[in-house]
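**Q** Below is the structure I would like to discuss, written out as structure tokens.
Protein chains: 2
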Amino acid sequence: MSQSFNQHFKLGILGGGQLGRMLIQSGIDFNIDFTVLDPDPSAPCSTLAQFKSGKLTDFDTVMQFGSHCDIITIEIENVNTQALKQLVKQGKKVFPQPEVIELIQDKRVQKTFYKEHNIPTADFVLTENAQDVLKHKTFLPAVNKLGKEGYDGRGVQIIRTEQELSKAFDAPGLLEKLIDFEKEISVIVARNEKGEIKTFPVVEMVFHPTHNLVEYLFAPAQLSSDVIKQANNIAEDIIRKLDMVGLLAVEMFVTKDSKVLVNEVAPRPHNSGHQTIEANITSQYEQHLRAILNWPLGDTSLVIPSAMVNLLGEPEYSGPAVYKGFEEVIRERGVHVHLYGKKLTKPFRKMGHVTIVDEDVENLKKKAIFVKETLKVIAA
Amino acid sequence: MSQSFNQHFKLGILGGGQLGRMLIQSGIDFNIDFTVLDPDPSAPCSTLAQFKSGKLTDFDTVMQFGSHCDIITIEIENVNTQALKQLVKQGKKVFPQPEVIELIQDKRVQKTFYKEHNIPTADFVLTENAQDVLKHKTFLPAVNKLGKEGYDGRGVQIIRTEQELSKAFDAPGLLEKLIDFEKEISVIVARNEKGEIKTFPVVEMVFHPTHNLVEYLFAPAQLSSDVIKQANNIAEDIIRKLDMVGLLAVEMFVTKDSKVLVNEVAPRPHNSGHQTIEANITSQYEQHLRAILNWPLGDTSLVIPSAMVNLLGEPEYSGPAVYKGFEEVIRERGVHVHLYGKKLTKPFRKMGHVTIVDEDVENLKKKAIFVKETLKVIAA
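Chains as they are written, first to last, in this note's numbering: chain A, 11 to 390; chain B, 11 to 390.
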């Protein structure tokens, strides 16, 4: 009998953001009793589960929170892994494992892991400080990344020329060859304790023709079967070599000569898997639960093609969120709006996402653009 | 701007069972702030929203609960409609409207409504007491129904012969000609305040070959286009003539000569619409929200054929629920288990349901039988 149906079983989530919120929403189907830790008392999860406000990076806070859980998982990587290791020693299950979280927290260790395990990735050099970066002029153009605490675009910058070297990060980091990629793709892969592995269909990012920002993403990706095979192999290879239990999102580049290189990974549900809620037999959220609870993994195949648009706070608005264009977009067939329960908007804050499903891929893309142009988060 | 995105908007649900639970689960996508009233402090909704324990049939309790809401809806019909009418007078929105709930609460009024509005239904006579039923021997075989407070099979019995007349209900009720039906079907229809109407695809019930119990239901129903048209027309006709806002489930018989007759209706999400969560562009729960919030109704078309199996407590078990066969069934592609969060099982209690999706209808039916035979709710 599955332990989760024990009447006193409790699943703890470190982080109470939208990923935790959608994990809880999925877990309702299985009577799962969730408890959540997040520093923000009004985090998206706060009204949907037992909730504790506290610092995810504080040893004592995580220890105390974990002591009331049977299984602990994360929805953000920046957590105190020392406490998680201690909780494992005390007999708690922690998935993904603290060692995996630690490896992924530090981009230097992550890149070194790829190199040591023959996982294709862009060439790189480790750098200790700004002075050190200056030594690698011949490596330009390159991406300069901080080892730790980069998140959602922070801690990552492009250095194209010698002139730009002055902005190099003055902390342990790395310099990675800038890839002139053809496409950016993602594969989400799951693994349970029994070692069963399943990948979701490859997702493709679409960039705005002039701004360098992801406009929307869609699945199935329009790629050759060889590229799809490379991508799936890389994703499966990484989760197996990490010996990880849980969900791993693997972001990759496809180069102009059709080689696939791993960019970075996240050991949790991911932005590039939101559309699986509507479009796949099993959603990434249910798959994460199945993986960490050691249930059989779910079938990941597509039921219908889908696109996903992030709903970000408009640049010039801060305050109580208002969703302009909401009725116009939900009038369209196959448009699913997901709001994250954040009362206040601010520029570029992730306020929600929209999934669009359509049997016809060209229609899908048109609707994604329509949603992007119509639905706006402004302030009251 | 939609009122629901007002930062202090609150949607109250009378009833905290599984229908309310799935309504809340769907409403998470729209940041809807729910509050629930139910007599059972551990009702399925109790952990997912603001929750108040109290009697749904008590005037003062419903008044007090409703005074904190902006819109009030129901997930069970047996509620105090006097209080709801009073709340409407105070400016609250109540959908379905109290008058509609009242009409449906009393099967005598409901049947009379069909007759007066030329909606096809089985012939019937109203009866005041057991004595009265005896006068209608020529009407047998018939179904004897109590006017009020019948629910989930209670208050309904078949009287086939004169000998059986002794069990007639001794309270206001009715006697309805027993229909020798070919099939039992259901259509869920929604209507918003603007008067927009949409029906979900017809659902067909499958009965066990020997027991007279619904084994599973599936969509799309395997019916002639003429029967489908009759069924849709009846559903739309009823919701329009009731001038109702919200979701209406219309259960119907298809006679052996392909006529469609309405059996009874429920003005809320319904057991015959659970599978829309996975299988349709819009689920019945989201559609109910769209209808009562006066948003554009969602497209109801099927993405994939589906079947739904109710998960009832096994006859000989009472106590803390255990779900035997859970891992066996979730291993199958397209099997979605929904548990209702009830700690205790008892014989025939609705503990959950299972939706099965499959492109192939014959496969679907095989899987439905497999689920029915494999997954059992017993007690620890």
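Where is the CB? At the ideal position from N, CA and C, for every residue including glycine.
Less than 9 Å between the beta carbons of V255/A and F105/A, yes or no?
**A** In the first sequence, residue 255/A corresponds to position 245, counting from 1. In the first sequence, residue 105/A corresponds to position 95, counting from 1. When the beta-carbon positions are compared, V255/A and F105/A come within less than 9 Å of each other.
**Q** So, are the CB atoms of F358/B and V264/B less than 9 Å apart?
**A** The residue labelled residue 358/B in the question sits at position 348 within the second sequence. The residue labelled residue 264/B in the question sits at position 254 within the second sequence. Contact: no.
**Q** Report all residues from its chain with a CB closer than 6 Å to the CB of H218/B; omit the five preceding and five following residues, and keep chain order.
**A** As a position in the second sequence, residue 218/B is number 208, starting the count at 1. Taken in chain order, the residues that qualify are E225.
**Q** Any C-beta of chain B within less than 8 Å: which residues of the stretch 332 to 347 of chain A qualify?
**A** V332, Y333, K334, F336, E337, I340, R341, R343, G344, H346, V347
**Q** So with Cβ pairs under 9 Å, would you call F105/A a contact of chain B?
**A** Numbered from its first residue, the first sequence carries residue 105/A at position 95. Taking Cβ atoms only, chain B never reaches closer than 9 Å to F105/A, which makes this a no.
**Q** Going by DSSP in three states, S316/B sits in which element: helix, strand or coil?
**A** In the second sequence, residue 316/B corresponds to position 306, counting from 1. S316/B falls in the strand class under three-state DSSP.
**Q** Out of curiosity, what's the CA-to-CA distance linking D133/B and F149/B?
**A** Along the second sequence, one-based indexing puts residue 133/B at 123. Along the second sequence, one-based indexing puts residue 149/B at 139. The alpha-carbon atoms of D133/B and F149/B are separated by roughly 9 Å.
**Q** Chain A beta carbons: is any one of them nearer than 9 Å to that of Y226/B?
**A** On the second sequence, position 216 is the one that residue 226/B refers to. No, its Cβ sits nowhere closer than 9 Å to a Cβ of chain A.
**Q** In this structure, does DSSP put H298/A in helix, strand or coil?
**A** Locating residue 298/A in the first sequence gives position 288, where the first residue counts as 1. It is helical.
**Q** Within the chosen definition, does the stretch 206 to 220 of chain B reach the stretch 309 to 326 of chain B through at least 3 CB pairs nearer than 8 Å?
**A** yes
**Q** With H, G and I counted as helix, E and B as strand and the rest as coil, what does DSSP make of G183/B?
**A** Taking the first residue of the second sequence as 1, we reach residue 183/B at position 173. Of the three classes helix, strand and coil, the one that applies to G183/B here is strand, per DSSP.
**Q** Measuring straight from C-alpha to C-alpha, what distance separates A229/B and K158/A?
**A** Within the second sequence, residue 229/B is the residue found at index 219, counting from 1. Within the first sequence, residue 158/A is the residue found at index 148, counting from 1. For A229/B and K158/A, the distance between alpha carbons rounds to 52 Å.
**Q** In this structure, how does DSSP classify K95/A when only helix, strand and coil are distinguished?
**A** Walking along the first sequence from the start, residue 95/A turns up at place 85. Looking at K95/A - three-state DSSP - the assignment turns out to be helix.
**Q** What is the rounded straight-line gap between the Cα of V332/B and the Cα of Q120/A?
**A** The count along the second sequence starts at 1 and reaches residue 332/B at position 322. The count along the first sequence starts at 1 and reaches residue 120/A at position 110. In a straight line, the C-alpha of V332/B is about 42 Å away from that of Q120/A.
**Q** Put N273/B into one of helix, strand or coil per three-state DSSP.
**A** Your numbering for residue 273/B matches position 263 in the second sequence. Reduced to three states, the DSSP call for N273/B is strand.
**Q** If we cut at 9 Å on Cβ distances, does A301/A have a partner in chain B?
**A** One-based indexing of the first sequence puts residue 301/A at position 291. Answer no: the Cβ-Cβ gap between A301/A and chain B never drops below 9 Å.
**Q** What residues in the stretch 49 to 61 of chain B have a beta carbon less than 7 Å from any beta carbon of chain A?
**A** L58
**Q** Give a yes or no on whether 9 Å exceeds the smallest Cβ distance from I23/A to chain B.
**A** Looking up residue 23/A in the first sequence gives position 13. No - not a single Cβ of chain B is within 9 Å of the one on I23/A.
**Q** Quick one: Cα of L184/B to Cα of H146/B, how far?
**A** The residue given as residue 184/B occupies position 174 in the second sequence. The residue given as residue 146/B occupies position 136 in the second sequence. Taking the straight line from one Cα to the other gives about 11 Å.
**Q** DSSP has H348/B in a bridge; who is on the other side?
**A** As a working mapping, residue 348/B is identified with position 338 in the second sequence. According to DSSP, which records beta bridges pairwise, H348/B is partnered with H363/B.
**Q** So the candidates are R250/B, L252/B, R278/B, I238/B; which of them puts its Cα closest to the Cα of M262/B?
**A** The residue given as residue 262/B occupies position 252 in the second sequence. It is I238/B whose Cα lies nearest to the Cα of M262/B.
**Q** Name the chain B residues whose beta carbon is nearer than 8 Å to that of L349/A?
**A** Working through the first sequence from its first residue, we reach residue 349/A at position 339. D39, F40, N41, listed in chain order.
**Q** Would you call the stretch 268 to 287 of chain A in contact with the stretch 350 to 357 of chain A, where contact means no fewer than 3 C-beta pairs closer than 8 Å?
**A** no
**Q** With a threshold of 7 Å on Cβ separation, who are the neighbours of P182/A within its own chain once the five nearest residues in sequence on each side are excluded?
**A** On the first sequence, residue 182/A is found 172 positions in, with the first residue counted as 1. So the qualifying residues of the chain are R118, E138, G157.
**Q** In terms of residues, what are the limits of the alpha helix (DSSP H) holding A200/A?
**A** On the first sequence, position 190 is the one that residue 200/A refers to. Element bounds for A200/A: not the alpha helix (DSSP H) but the beta strand (DSSP E), 191 to 201.
**Q** Give every residue of the same chain whose Cβ lies closer than 7 Å to the Cβ of F179/B, excluding the five residues on either side of it in the sequence, and list them in chain order.
**A** For the purposes of this step, residue 179/B is identified with residue 169 of the second sequence, where counting begins at 1. The residues are A140, N154, L156.
**Q** Do G25/A and E109/A count as a contact pair if the criterion is CB distance below 9 Å?
**A** Counting from 1 along the first sequence, the entry for residue 109/A is found at position 99. Counting from 1 along the first sequence, the entry for residue 25/A is found at position 15. Not a contact, by the Cβ cut-off of 9 Å.
**Q** Along chain D, which residues have their Cβ under 7 Å away from the Cβ of I81/A?
**A** No chain D appears in this structure, whose protein chains are A and B.
**Q** In terms of DSSP beta bridges, what is N154/B paired with?
**A** Indexing the second sequence from 1 puts residue 154/B at position 144. According to DSSP, N154/B bridges with Q167/B, L185/B.
**Q** Can you look up A289/A in the DSSP assignment and give me helix, strand or coil?
**A** The residue labelled residue 289/A in the question sits at position 279 within the first sequence. Here A289/A sits in helix by DSSP.
**Q** Compare the beta carbon distance of T91/A and G22/A with 9 Å and say whether it is the shorter of the two.
**A** Counting from 1 along the first sequence, the entry for residue 91/A is found at position 81. Counting from 1 along the first sequence, the entry for residue 22/A is found at position 12. No, these two residues do not count as a Cβ contact at 9 Å.
**Q** What's the gap between the Cα of I244/A and the Cα of K352/A?
**A** Sequence index remark: in the first sequence, residue 244/A carries index 234 (1-based). Sequence index remark: in the first sequence, residue 352/A carries index 342 (1-based). Taken atom to atom, the span from the alpha-carbon of I244/A to that of K352/A is near 36 Å.
**Q** Determine whether the Cβ of D309/A lies closer than 9 Å to any Cβ atom of chain B.
**A** Your numbering for residue 309/A matches position 299 in the first sequence. Yes - at least one Cβ of chain B is within 9 Å of the one on D309/A.
**Q** Where are the beta strand (DSSP E) runs, 3 residues long or more, that stay fully inside the stretch 104 to 146 of chain A, in chain order?
**A** Runs of the beta strand (DSSP E) lying entirely within the stretch 104 to 146 of chain A and spanning at least 3 residues, in chain order: 134 to 137.
**Q** Quick check: the stretch 316 to 327 of chain B against the stretch 366 to 386 of chain B, are at least 3 beta-carbon pairs closer than 8 Å?
**A** yes
**Q** For V9/A, which of I38/A, S52/A, K65/A has the nearest alpha-carbon?
**A** Since the first residue of chain A shown is 11 and the last is 390, residue 9/A is not available in this structure.
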